[in-house]
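Under our numbering, the first residue of the sequence shown carries the number 1, and numbering increases by one thereafter.
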Amino acid sequence: MTLQNCFKHSSQIVPGLLVCIAVAAAAYLFERLELAVFGVGPLEALVFAIVIGVVTRTALPSRKSWQPGISFSSKTLLEIAIVLLGVSLSFGTLWSAGVTLVVCVVAIVVISICVSFLVARMCGLSDRLAMLIACGNSICGNSAVVAVAPVIDADSDEVAAALAFTAVLGVASLLILPLIYVYAGMTARQYGALAGLTVYAVPQVLAAASPAGLVAVQTGTVIKLLRVLMLGPVIFVLGLLRTDHGDCAQAQRGLVPWFIIGFVVVVIARSMGLIPTALIPILLTISGGLTVVAMAALGLSVNMRTVASAGKRVLFAASASLLLLTTMSYYCVVLVLAK
Numbered sequence: 001m002t003l004q005n006c007f008k009h010s011s012q013i014v015p016g017l018l019v020c021i022a023v024a025a026a027a028y029l030f031e032r033l034e035l036a037v038f039g040v041g042p043l044e045a046l047v048f049a050i051v052i053g054v055v056t057r058t059a060l061p062s063r064k065s066w067q068p069g070i071s072f073s074s075k076t077l078l079e080i081a082i083v084l085l086g087v088s089l090s091f092g093t094l095w096s097a098g099v100t101l102v103v104c105v106v107a108i109v110v111i112s113i114c115v116s117f118l119v120a121r122m123c124g125l126s127d128r129l130a131m132l133i134a135c136g137n138s139i140c141g142n143s144a145v146v147a148v149a150p151v152i153d154a155d156s157d158e159v160a161a162a163l164a165f166t167a168v169l170g171v172a173s174l175l176i177l178p179l180i181y182v183y184a185g186m187t188a189r190q191y192g193a194l195a196g197l198t199v200y201a202v203p204q205v206l207a208a209a210s211p212a213g214l215v216a217v218q219t220g221t222v223i224k225l226l227r228v229l230m231l232g233p234v235i236f237v238l239g240l241l242r243t244d245h246g247d248c249a250q251a252q253r254g255l256v257p258w259f260i261i262g263f264v265v266v267v268i269a270r271s272m273g274l275i276p277t278a279l280i281p282i283l284l285t286i287s288g289g290l291t292v293v294a295m296a297a298l299g300l301s302v303n304m305r306t307v308a309s310a311g312k313r314v315l316f317a318a319s320a321s322l323l324l325l326t327t328m329s330y331y332c333v334v335l336v337l338a339k
């Protein structure tokens, strides 16, 4: 009977899962077209997946048969992707940067999250959306948003709103940072550190730092990876806070969500050299693919009226958060990495 129920549940998932995969495939196609036409790809496939998912839901009538697969994709597949993301991190990264820079990164991330959260709440945003924006801006943009979302039980509308404005501001930062380098008279190492502290994704750090040369790129990459390493502790703490403020039923499900534990275990395994180097790119590709499918599912679940109603407030909160992060990072870099 149990096996029969398992097959029944699987068959219910298939229709919605196939729709999510189709949307994800279209997102990758748009990403390729973007690179072919413009030569750069500021918008990632996961952003396209959200947009295409929203358009699909808006254009086509809602189908109940899709819902089980959409729910499975947005939750279970995303959690698996987060666990696999752990192979990209290693505690050895900490030792290559030096104690001073590590302390600076930790301090900036923590202060930025706290202040950004307060600013977003003052703008009238919900606790969950405020935390998504704070973590997205302070840690690693889209990846932080999708990693934190299941920990705090954020709904699809909140995730879509956070991702939309994070993507826009991520592109804006790529355009503005080179101007700071030119007019502020920063050294290559200082500018690389600034890029690593403020830009969202590692590929974007490479793009932002490249005008200042190889030293800037290397410095920016290391510091960016240090910021990414903060994702694990942050989601761990949020998991603890969620349990502390939740009901007894939540507490009975475990102190920390399973995928957070899995994420930490994978990071430790990578740091100890237990994961073959040749396997890491494969696991990261799988993680990236699952994340895009999950974002397609979130897009297919989005209520555009809810997102639109929060538009101006989200834009102001996200912009203020990024401005705060950039300002703190600039003065930290200038003071710590003296010419």
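Yeah, the Cβ is synthetic: ideal placement off N, Cα and C, and Gly gets one too.
Skipping 5 residues on each side, what residues in its chain have a beta carbon closer than 7 angstroms to that of residue i?
i: Ser88; result: Leu284
i: Gly262; result: Val83
i: Ala320; result: Val119
i: Ser287; result: Ala81, Leu84, Leu85
i: Ala26; result: Ile52
i: Leu77; result: Leu290, Val293, Ala294
i: Val14; result: Gly69
i: Ile152; result: Arg128, Met131, Leu238, Arg242
i: Cys104; result: Cys332, Val336
i: Glu79; result: Pro150, Phe259
When we look at the beta-carbon of residue i and count the other beta-carbons within 10 Å, is it buried (16 or more) or exposed?
i: Leu335; result: exposed
i: Lys312; result: exposed
i: Phe259; result: buried
i: Cys422; result: Since the displayed the chain opens at 1 and closes at 339, residue 422 lies outside it and no answer follows.
i: Met375; result: Nothing about residue 375 can be read from this structure; the chain reaches only from 1 to 339.
i: Tyr331; result: exposed
i: Arg227; result: buried
i: Lys64; result: exposed
i: Val265; result: exposed
i: Ser11; result: exposed
i: Ile282; result: exposed
i: Cys6; result: Note that Cys6 has pLDDT 47, beneath the 50 cutoff, so the model's placement of it is unreliable and the number below is only indicative. Under this definition Cys6 is an exposed residue.
i: Met122; result: exposed
i: Leu238; result: buried
i: Leu175; result: exposed
i: Pro150; result: buried
i: Ala216; result: buried
i: Leu337; result: buried
i: Gly196; result: buried
i: Val54; result: buried
i: Val23; result: buried
i: Leu214; result: exposed
i: Leu60; result: exposed
i: Leu274; result: exposed
i: Ala278; result: exposed
i: Ala154; result: buried
i: Val37; result: exposed
i: Val99; result: exposed
i: Ala249; result: Residue placement at Ala249 is poorly supported in this model, since its pLDDT is 42, which falls under 50; the coordinates still yield a value, given next. Exposed, since its Cβ has fewer than 16 Cβ neighbours within 10 Å.
i: Phe91; result: exposed
i: Gly39; result: exposed
i: Phe117; result: buried
If you drop the 5 nearest sequence neighbours on each side, which residues of the same chain put their C-beta closer than 6 angstroms to that of residue i?
i: Tyr28; result: Ala45
i: Arg57; result: Leu300
i: Val199; result: Ser173, Val205, Ala208
i: Val333; result: Gln190, Ala193, Leu194
i: Ile280; result: Val87
For my contact list, residue i and residue j are in at a C-beta cut-off of 8 angstroms; report their separation, rounded to the angstrom.
i: Ala208; j: Leu177; result: 5 angstroms
i: Met295; j: Ile50; result: 5 angstroms
i: Ile235; j: Val148; result: 6 angstroms
i: Leu322; j: Ala81; result: With 8 angstroms as the limit, Leu322 and Ala81 do not qualify as a contact, their Cβ atoms being about 25 angstroms apart.
i: Ile108; j: Ser271; result: 23 angstroms between Cβ atoms; not a contact.
i: Phe165; j: Val267; result: About 29 angstroms; that fails the 8 angstroms criterion.
i: Leu325; j: Ser112; result: 5 angstroms
i: Ala318; j: Leu169; result: 6 angstroms
i: Leu231; j: Ile139; result: 5 angstroms
So, at 8 angstroms on beta carbons, what are the nonlocal neighbours of residue i in its own chain, with the 5 sequence-adjacent residues on each side left out?
i: Asp247; result: Unreliable positioning characterises Asp247 in this predicted model, as indicated by a pLDDT of 47, which lies under 50. The coordinate reading is nonetheless provided below. Hits under 8 angstroms: none found.
i: Thr327; result: none
Practice prompt. Examine the Cβ distances between the region 11 to 19 and the region 58 to 76 and report whether three or more of them are shorter than 8 angstroms.
Written response: As far as the Cβ criterion goes, the region 11 to 19 touches the region 58 to 76, which means the pair count is three or higher.
Discussion item. Assess contact between the region 140 to 148 and the region 73 to 86, defined as three or more Cβ pairs (one per stretch) separated by less than 8 angstroms. Is contact present?
Written reply: Verdict: yes, contact present.
Discussion item. Across the region 146 to 162 and the region 175 to 186, are there enough close Cβ pairs to call them in contact, namely three or more that are closer than 8 angstroms?
Written reply: Look at the beta carbons and you see the region 146 to 162 not touching the region 175 to 186: under three pairs across the two are nearer than 8 angstroms.
Worksheet entry | Ordered list of alpha helix (DSSP H) runs contained in the region 261 to 317, each at least 4 residues | Taken in chain order, the whole alpha helix (DSSP H) runs of length 4 or more contained in the region 261 to 317 are 279 to 300, 304 to 309.
Practice prompt. Specify whether the region 121 to 128 and the region 213 to 222 touch according to this definition: at least 3 beta carbon pairs, one from each stretch, less than 8 angstroms apart.
Written response: Taking one beta carbon from each stretch, the region 121 to 128 and the region 213 to 222 have fewer than 3 pairs nearer than 8 angstroms; the two do not touch.
Worksheet entry | Inside the region 24 to 49 only - beta strand (DSSP E) runs reaching at least 3 residues | Runs of the beta strand (DSSP E) inside the region 24 to 49: none found.
Practice prompt. Please specify which runs of the alpha helix (DSSP H), each continuous and at least 4 residues long, are wholly inside the region 114 to 181, giving them in chain order.
Written response: If we require 4 residues or more, the alpha helix (DSSP H) runs fully inside the region 114 to 181 come out as 127 to 135, 142 to 148.
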